[in-house]
Amino acid sequence: VISLALYIFHFTPEIVVPLWAKLAQDPKLGPTQRAYALFYMARASYEKGDMERTNIWGQEALSLLMQVTPDDKARLKDTVQLLLESTVRTKRYEAALGWLAELNKYLVPGDAEWQNARFREAEIHKAMGNTPKWRAMMTELAQKYPKSLHGRLASSALSSQKIEEAARKYVN
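Here the sequence shown is numbered in the working numbering, starting from 1 and rising by one per residue.
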C-alpha cells in the first residue's frame, strides 16, 4: 500500500492527501508507515500552501519518526527542513531558528548542507531585523568557504547590501 502511495505522491495534493490521510488513520498500519504517511501529508500540504496542516502533520511525523526510526537521518532531516520552511513562510522566525537548531543535529559542520543551513539562518536573522548578525554569518561563510556555492552567494549578498546602503545615502 505504501509503495502505491509513494507512486501516487507525484499527483496533485487533491488526489494524494485523502489517500495519505486514510493510510495515517488505518489501525493496521504500523507506526513507521504511519510516520511516513504523515510526512507525505505534511509535504503535500506545504506544496498546497497550507502551512497550518504542514506544521501539525510535520510535527506529528517527526515525533513518530524519532521514536520508531531514529536512524533514518535523511527522513528526519527532511521533516525538520519541511517544518523550518513552513515556519519561515509564515514569518514565525523564532520558531524557524528552533527548527534550524534541530536541523543542525543532522548536519556535518562545513559540508554543503550545513553551509546551506547557515545561509538560511543568516537570512532569517536579516528578516528579523538583525542585520549585524546576518552580516557576521555571511562574512564567515564568504571567508571560510570562498569557492563553495554558499560562500559565493554570501559574498554576493554582502556586496549587494553595501550597494543598497550606499544608494540609501543618495536617496535620503
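From the three backbone atoms N, C-alpha and C, an ideal C-beta is built for every residue, glycine too.
Under the 10 Å beta carbon count, Ser156 is surrounded by fewer than 16 other beta carbons and is classified as exposed. Look at Lys126 here: in three-state DSSP terms it is helix. Taking C-beta atoms under 8 Å as the contact rule, Ile124 and Leu97 qualify, at a distance of about 6 Å. Contact between Val68 and Pro18 is ruled out by a C-beta separation of about 24 Å, above the 8 Å threshold.
By alpha-carbon distance to Gly151, the top candidate from Arg135, Glu164 and Ile163 is Arg135.
Runs of the alpha helix (DSSP H) lying entirely within the segment 11 to 99 and spanning at least 4 residues, in chain order: 13 to 25, 31 to 48, 51 to 68 and 73 to 89.
The Cβ neighbour count for Tyr40, taken over all protein chains shown within 10 Å, is at least 16; the residue is labelled buried. For Val171, the uninterrupted alpha helix (DSSP H) segment begins and ends at Leu149 to Val171.
In the three-state reduction of the DSSP assignment, Pro146 falls in the coil class, being assigned neither a helical nor a strand state.
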